[in-house]
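So the structure is just underneath, and the comments pick up after that.
In the numbering used here, the protein residues as written are -3 to 255.
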């Protein structure tokens, strides 16, 4: 390297490395980030605080710090294990029903061409927009009622004794009610995702001799992998906090059968 080459390289301006904090985008985004952190941290802190005190709603000013005593009482309560197992069974059953029937119904609607298909889609999605308490009351008084319910009427038509579903099969009844409410959500997500599937791939598969089952198994299902994951994640979050349907129909009984 000669002197002129070295001098030319020294004259080339070197890029200045800026700190990430110097980026004006951080200052524009920081108020929203701070607000979101405050929105999450404050409720979390209050939850931790109230979980470690003995709080009396009748005397809210008389609070006593008890540490982990509330957690010990919760974990050793006789209803903890039945409630946890019922919750897991409820969540798993509803997820299985929602995903399996959601995929099948969405595929059937996408593959079928008939008059009034749009109306059928709206009717399939409509239960999702019904309030949980209202939906539970409909099932309790119009369908599951052992005297005047629709199922009791069908049982009587065949000469059978009507079944008190909420008394004899409480958890199964709640699973049916909650599945009826959340299946439309799965149908909505999966049906929208199925419409984005490239039709040229299907046509190429048909030209190669693939049948409907092969197309569904090798093209449709892989395409629905991420939408199914979204359905499972969102439904799990909401199903773990199901309360209105249980309180309205069985109130957690009989015993701990539907707690």
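Glycine included, every Cβ here is placed at the ideal spot set by N, Cα and C.
Fair warning: this is a prediction, and the values are worked out from it, not measured in the lab.
- Look at residue 109 here: in three-state DSSP terms it is coil, with no helix or strand label.
- Apart from sequence neighbours up to five positions away, the residues of its chain that approach residue 184 with a beta-carbon distance below 8 Å are 121 and 124, ordered along the chain.
- In chain order, 240 and 244 place their CB closer than 7 Å to the CB of residue 129, counting only its own chain and leaving out the 5 sequence neighbours on each side.
- When Cβ pairs closer than 8 Å are counted between the two stretches, the stretch 185 to 203 is seen to touch the stretch 93 to 107, the count reaching three or more.
- When the five nearest sequence neighbours on each side are left out, the beta carbons in the same chain lying within less than 8 Å of the beta carbon of residue 191 are those of 106, in order along the chain.
- Linking residue 255 to residue 212 through their CA atoms gives a straight-line distance of about 39 Å.
- Counting C-beta pairs with one atom in each stretch, the stretch 216 to 228 and the stretch 75 to 95 have three or more that are closer than 8 Å, which means they touch.
- Remark: three or more beta-carbon pairs, one from each stretch, lie closer than 8 Å, so the stretch 69 to 89 and the stretch 246 to 255 are flagged as touching.
- The count of Cβ pairs closer than 8 Å, one atom from the stretch 153 to 163 and one from the stretch 173 to 180, stays below three, leaving the stretches out of contact.
- Residue 239 sits in coil when the DSSP states are folded into three classes, being neither helix nor strand.
- Beta bridge pairing from DSSP links residue 97 with no other residue.
- The same chain holds no residue with a CB closer than 6 Å to that of residue 77 once the five nearest residues on each side in sequence are set aside.
- According to DSSP, residue 61 shares a beta bridge with 49.
- Selection 137, 133 and 251 evaluated against residue 164 yields 251 as nearest (Cα-Cα).
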